[in-house]
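K.L.:
If you scroll down you'll find the structure; I have some questions about it.
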Amino acid sequence: MKRGSPLKEVNGNTFPKNKPFNCDLANTPQVWIFQNPSINKLIYMEIDRFNTFIIGVGGQGVIRAAHILADAALAEDHHVRTAETHGMAQRGGSVSGFVSYGKEVHGPLIPKQGANIIISLEPSEALRSVQYANKNTYYFIDITKIVPLSIYQNRKLNYPQIEEIRTELSKITPHVHFIDATNLAEHAGNIKTMNVVLLGLAMGSGKVPLLRETLENSIKKFVPAKALEVNRQAFELGFQQGAKTEEI
Amino acid sequence: MSTDSNNSNPIPKIAQDDPGYKTIMLGNEAIARGILEGNAILATAYPGTPSSEIMPAVAICAKYHPEMRVEWSVNEKVAFEAAYAGSMCNVRSVAVMKHVGVNVASDAFMTAVYHGVRGGMVLISADDPSQFSSQNEQDNRYYGLHALAPVFEPATPQEAKDMMKYAFEYSEKHNNVVIFRTTTRLNHGRADVVFGSIDKIEQKAEFDWDRNRWVCVPSNTRPQRADLLVRMVKMTEDAENFPFNHLTLTEKSINGKKVGFVAAGIAYSHLQDSLYELGITDSVSIFKLGLVNPLPVKSMEKILRHVDVLFIVEELEPIFEEQFKARAYEFGLVDKVQIHGKDLLPQQGELLPETITGAIAKLFNLEYVVPEVPTLEIPAPPRLPQMCPACSHRNIYWIMKKVSRKLKKKFVNNNDIGCYSLGVYKPLQIADTALCMGGSIGMANGMAKILSDDVIVTAFLGDSTFFHSGVAPLLNAVYNQNDILVIISDNNYTSMTGGQDNPSNGILLTGEKGTLIPIENVVKGCGVPEENIWVHEAYDMEGLNEKFEAAATAKGVRVFINRHMCSLQEIRVIKKQKIKLPVIKVNPDICVGCMTCVRQFGCPAISFDLVARKASIDQTQCRSCKTCIYICPQQAFYVVPE
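Take a look at the structure:
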């Protein structure tokens, strides 16, 4: 399977060549099955549990991204559970969302070191998510900084450089990917579609065990009609970037 | 999903009678759907995280099911009383609140259980383990034991919907108010939910004139208490067959011992994950509880007799544990079964999956590596929640600090529950106390009685909090002539919980127009003399300063009302009406890099270049309140001429 290219309409046996993601967490084998190989039908993957952690700053669209992902996972017949930060979400604080899907999903929380993918909508927030990362975790991070006020009130505090963040995260996993999602979102036509760019990036990298079509359909469901094209564009730009991520 | 609909049917999905439909739902939306499926007629609430999303979803349903009546009540006690009146009048009712709201409602609740119900009545209590946005993490299962009321606790959004629907029927059957207890991870988590049918039953609202039942004089409530105890026995017997309790016993064992688990709610969901991860799902007996009070004695006995080791996995207080231990004693099983619970699990904070997995692995010597949290050389800088750009609370705080400096008098600033509580943090650090809704004025009363005149005793609260619990302590101050300065920072919305409407803007939960109640009228009515009431626009810093100084130096009970619409709400209006805001900028030639704006004022729209030592404005965040122009000692901020 070439990075997230959809496994669709296959009558034969196009079995994915590489298992594109690892889940050491539960030490459970990940099987790929064809739901109904005899008919032209989208093929869904069977997974025990796939954990995505999304983090960012209030107002960036963390919860919306989590909701979209959850909706797409449901569309592929998975059990889905999420846990989200609400309430203070619009007060500029740190906001996060857990999204888990698969056939063995009960609790909404991801255990420490249990995330398969971490999407960070802000670079320093990625540092706050390390407790969920393991050596196989894939990081997708936007590079646009939102400097917290705490920096100005305590001279000892510094906002880390992108390279410093990369170094720190690389101690845990080699799969750390920064992207100028904000810039791509601006190209797409609306800076606020940055969360969709990152979803596209993750999808394009081939590390998300969902079909591109499913995710795109879910995005469509959540955006107003006039913003459809902007979001489609944002997803496409992110996807292309993801597909270029050679190391993966 | 609540606004989700398709073209052929304009009714939002949540309000449609479409049994079998499967979708992703927030726990709170699933509860709202359960309220609809259970055919509740009257629903009332006071907003509070994590319960706040329930009522807006119910309101959407009510729009398409005209028999339903919904309201934001001014506080939880009124919400409970109003809903209970619905039950008295033979219709199904529900009151929704957060856990600490139940404390406010408890006066009514504790006696309502004596009278019992006519229409099914449910009290939703949204608890907040780990205190994500609450002042404490009280475990409201205790209210069930305290009041002799049944307590339901769902484990998933699906169960939340199903149990909610069932709760009305159960309430009617057992003639008692049902507490429906949830926790944050249930309320604020999404999962796949399959709709049931909306079962409309015939409900005609009519009062029955039974004074011996509804009047809480001792001659009525004494026999009612005796009856309540009998009803409780009945509920305990019936608990054996409660449809959301599941007892699964197995003969299998772990290391030669038969093992059992007891869990409810989110802790049960996490337990399932942990057992799966350890690969022992099929080797253990499990007692999953949906009815967490009263506990079914026979089933308890069954599992106690069956297993050698019983591990009770519950969040917060050891409520099941104590009861299981007491029963083990009663059945003479103390030496036979080993009971674990809080000896292995924390009593504070939410239970995390790895904590449960680790505890089980340790107890039974199973292989499991507890995940380690890596320590970073470069930590993420703290990002605390803060008041929004253009928030009017920040303005009045600034003025208070300024006036305090000028008068050389310290304020004891009794604070309250709302966005303004964030004034406790840097850079403002102005909130000195905060205890509970309306507590600011209450505490100020006592301080005014005993503190000397060299401090000014203030109470600081918002509009919704004032309506909720501020009126009574203000009356108290007037009556007792307690010399206090009350600041009501009126932004027309219940902002902290997501901008719900309240009497200060006069809009109802249904979106219709209600009655707007100007706070100054209420204050006047409480007996505060007119010359001791100041009302001012919160963005006009000069005027605010002048009036506030007058208020601070006056005597007697004084009320200062600063008013500006919540900036989060205002930005919506601005966008909708396509109003062009003036652009504010910093003149780098004038800015001397004193950092007053970022270090003392702290508007999130202002950033500071630590190398160039110049402030600048993030135009995407700025909402043009122009306060920065006032606070800058150099007057480096300016409005860009058009």
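Going line by line, the protein sequences match chains A and B.
In short: position in the first sequence from 1, add 166, done, that's this note's numbering.
In short: position in the second sequence from 1, add 78, done, that's this note's numbering.
Beta carbons: idealized from backbone N, C-alpha and C, even for Gly.
DSSP three-state call for R247 of chain A: helix, strand or coil?
P.N.:
In the first sequence, residue 247 of chain A corresponds to position 81, counting from 1. Three-state result, R247 of chain A: strand.
K.L.:
Buried or exposed: which applies to V362 of chain A, given that a residue is buried once 16 or more other Cβ atoms fall within 10 Å of its Cβ?
P.N.:
On the first sequence, residue 362 of chain A is found 196 positions in, with the first residue counted as 1. With 16 or more other Cβ atoms within 10 Å, it is buried.
K.L.:
Determine, using beta carbons only, whether V256 of chain B and A245 of chain B come nearer to each other than 7 Å.
P.N.:
Locating residue 256 of chain B in the second sequence gives position 178, where the first residue counts as 1. Locating residue 245 of chain B in the second sequence gives position 167, where the first residue counts as 1. Cβ distance < 7 Å, so V256 of chain B and A245 of chain B count as in contact.
K.L.:
Which same chain residues end up closer than 6 Å to K207 of chain A when comparing Cβ atoms and leaving out the 5 residues on each side of it in sequence?
P.N.:
Residue numbering aside, residue 207 of chain A sits at position 41 when the first sequence is read from its first letter. At K207 of chain A the pLDDT is 43, less than 50, meaning the model places this residue with poor confidence; the figure from the coordinates comes in the next sentence. Cβ neighbours of K207 of chain A beyond the five flanking positions: none.
K.L.:
Three-state secondary structure (DSSP) at L367 of chain A?
P.N.:
In the first sequence, residue 367 of chain A corresponds to position 201, counting from 1. Looking at L367 of chain A - three-state DSSP - the assignment turns out to be helix.
K.L.:
Thinking C-beta only, is I284 of chain A closer than 7 Å to F388 of chain A?
P.N.:
Here residue 388 of chain A corresponds to residue number 222 of the first sequence, with the count starting at 1. Here residue 284 of chain A corresponds to residue number 118 of the first sequence, with the count starting at 1. The answer is no: Cβ separation not under 7 Å.
K.L.:
Can you check DSSP and say which residues form a bridge with S266 of chain A?
P.N.:
Within the first sequence, the letter at position 100 stands for residue 266 of chain A. S266 of chain A is bridged to A:N217 and A:R247.
K.L.:
Should G170 of chain A be labelled buried (16 or more other beta-carbon atoms within 10 Å of its own) or exposed?
P.N.:
Looking up residue 170 of chain A in the first sequence gives position 4. Note that G170 of chain A scores a pLDDT of 36, beneath 50, so its modelled location is shaky; the value from the coordinates is reported in the next line. It is buried - the Cβ of G170 of chain A has at least 16 other Cβ atoms within 10 Å.
K.L.:
Taking Cβ-Cβ distances below 8 Å as the criterion, which residues of the stretch 674-685 of chain B are in contact with chain A?
P.N.:
Within the stretch 674-685 of chain B, the qualifying residues are V676, R677, G680, P682 and S685.
K.L.:
Indicate the three-state DSSP secondary structure (helix, strand or coil) for Y124 of chain B in the structure shown.
P.N.:
Against the second sequence, residue 124 of chain B aligns to sequence position 46. Three-state DSSP puts Y124 of chain B in coil, outside helix and strand.
K.L.:
Taking 8 Å as the cut-off, does the stretch 438-455 of chain B touch the stretch 475-483 of chain B (at least 3 CB pairs, one atom from each stretch)?
P.N.:
Three or more Cβ pairs closer than 8 Å define a contact, and the stretch 475-483 of chain B falls short of that threshold against the stretch 438-455 of chain B.
K.L.:
Please report the straight-line C-alpha distance between V601 of chain B and N640 of chain B, rounded to a whole angstrom.
P.N.:
Counting from one through the second sequence, the residue named residue 601 of chain B turns up at place 523. Counting from one through the second sequence, the residue named residue 640 of chain B turns up at place 562. Going by the C-alpha atoms only, they are around 14 Å apart.
K.L.:
By the 10 Å Cβ neighbour count, where 16 or more other Cβ atoms means buried, how is H546 of chain B classified, buried or exposed?
P.N.:
The residue given as residue 546 of chain B occupies position 468 in the second sequence. By the 10 Å Cβ count, H546 of chain B comes out buried.
K.L.:
Output needed in chain order: residues of the stretch 347-360 of chain B with a Cβ under 7 Å from some Cβ in chain A.
P.N.:
S347, H348, Q350, D351, Y354 and E355
K.L.:
What residues from the stretch 437-467 of chain B come within 7 Å of chain A, judged by C-beta to C-beta, listed N to C?
P.N.:
P449, V451, P452, L454, E455, I456, P457, A458, P459, P460, R461, L462, P463, Q464 and C466
K.L.:
Taking M643 of chain B as the reference, which of B:R701, B:T326, B:Q712 and B:A269 has the closest Cα?
P.N.:
Here residue 643 of chain B is taken as the residue at index 565 of the second sequence, counted from 1. It is B:R701 whose Cα lies nearest to the Cα of M643 of chain B.
K.L.:
In the DSSP output, which residue or residues are listed as bridge partners for M175 of chain B?
P.N.:
As a position in the second sequence, residue 175 of chain B is number 97, starting the count at 1. Answer is B:S203, bridged to M175 of chain B.
K.L.:
For the stretch 254-272 of chain B, which residues have a beta carbon sitting closer than 7 Å to at least one beta carbon of chain E?
P.N.:
No chain E appears in the structure shown, which is made up of the protein chains A and B.
K.L.:
Buried or exposed: which applies to G98 of chain B, given that a residue is buried once 16 or more other Cβ atoms fall within 10 Å of its Cβ?
P.N.:
In the second sequence, counting from the first residue as 1, residue 98 of chain B sits at position 20. When all chains shown are included, G98 of chain B counts as exposed.
K.L.:
So for Q416 of chain B, helix, strand or coil by DSSP?
P.N.:
Stepping through the second sequence from its first residue, residue 416 of chain B is reached at position 338. Q416 of chain B falls in the strand class under three-state DSSP.
K.L.:
Taking only the alpha-carbon atoms, compute the straight-line gap between A93 of chain B and G267 of chain B and give it to the nearest angstrom.
P.N.:
On the second sequence, position 15 is the one that residue 93 of chain B refers to. On the second sequence, position 189 is the one that residue 267 of chain B refers to. Straight across, the Cα-Cα distance linking A93 of chain B with G267 of chain B is about 20 Å.
K.L.:
Does DSSP classify F489 of chain B as helix, strand or coil?
P.N.:
Counted from its first residue, the second sequence places residue 489 of chain B at position 411. Strand.
K.L.:
So with CB distances below 9 Å, who are the chain B contacts of A281 of chain A?
P.N.:
Locating residue 281 of chain A in the first sequence gives position 115, where the first residue counts as 1. Within 9 Å Cβ-Cβ: nothing; A281 of chain A doesn't reach chain B, min ~11 Å.
K.L.:
From D237 of chain A to E355 of chain B, what distance separates their C-alpha atoms?
P.N.:
As a first step, residue 237 of chain A is located in the first sequence; it is residue number 71 there, counting from the start. As a first step, residue 355 of chain B is located in the second sequence; it is residue number 277 there, counting from the start. Spanning the two alpha carbons is a distance of roughly 25 Å.
K.L.:
According to the Cβ coordinates, are R461 of chain B and S295 of chain A closer than 7 Å?
P.N.:
Residue numbering aside, residue 461 of chain B sits at position 383 when the second sequence is read from its first letter. Residue numbering aside, residue 295 of chain A sits at position 129 when the first sequence is read from its first letter. S295 of chain A is positioned such that its CB atom lies no closer than 7 Å to that of R461 of chain B.
K.L.:
Where does V718 of chain B fall in DSSP's three states?
P.N.:
Stepping through the second sequence from its first residue, residue 718 of chain B is reached at position 640. V718 of chain B: coil per DSSP, three-state reduction.
K.L.:
For the stretch 277-310 of chain A, which residues have a CB atom closer than 7 Å to at least one CB atom of chain B, in sequence order?
P.N.:
P277, K278, Q279, S290, E291, L293, R294, V296 and Q297
K.L.:
Threshold first: 4 residues or longer. Then list the alpha helix (DSSP H) segments lying entirely within the stretch 316-388 of chain A, N to C.
P.N.:
316-319, 328-336, 347-354, 360-370 and 378-388
K.L.:
Less than 7 Å separating the beta-carbons of P232 of chain B and A269 of chain B?
P.N.:
Reading the second sequence from its first residue, position 154 is the one you call residue 232 of chain B. Reading the second sequence from its first residue, position 191 is the one you call residue 269 of chain B. Cβ distance not < 7 Å, so P232 of chain B and A269 of chain B don't count as in contact.
K.L.:
If you measure between the beta carbons of S165 of chain B and M199 of chain B, is that distance less than 7 Å?
P.N.:
Walking along the second sequence from the start, residue 165 of chain B turns up at place 87. Walking along the second sequence from the start, residue 199 of chain B turns up at place 121. Yes, these two residues count as a Cβ contact at 7 Å.
K.L.:
Starting from I566 of chain B and walking both ways along the beta strand (DSSP E), at which residues does that stretch end?
P.N.:
On the second sequence, residue 566 of chain B is found 488 positions in, with the first residue counted as 1. That run of the beta strand (DSSP E) goes L563 to D568.
K.L.:
Between which two residues does the beta strand (DSSP E) harbouring W726 of chain B extend?
P.N.:
Residue 726 of chain B cannot be examined here, being either before or after the span of chain B that is shown, 79 to 720.
K.L.:
Candidates B:N333, B:D360 and B:N371: which alpha carbon is nearest D386 of chain B's?
P.N.:
Counting from one through the second sequence, the residue named residue 386 of chain B turns up at place 308. Residue B:N333 is the option with its Cα nearest to D386 of chain B.
K.L.:
Would you please verify whether the beta carbon of D243 of chain A is less than 7 Å from any beta carbon of chain B?
P.N.:
Here residue 243 of chain A is taken as the residue at index 77 of the first sequence, counted from 1. So, not an interface residue.
K.L.:
So is I345 of chain A in contact with chain B if we call contact Cβ pairs under 7 Å?
P.N.:
In the first sequence, counting from the first residue as 1, residue 345 of chain A sits at position 179. By this cut-off, I345 of chain A is not an interface position.
K.L.:
Leaving out the 5 sequence neighbours to the left and right, which residues in its chain are closer than 6 Å to P314 of chain A when beta-carbon positions are compared?
P.N.:
Locating residue 314 of chain A in the first sequence gives position 148, counting from the first residue. Taken in chain order, the list of residues that qualify is empty.
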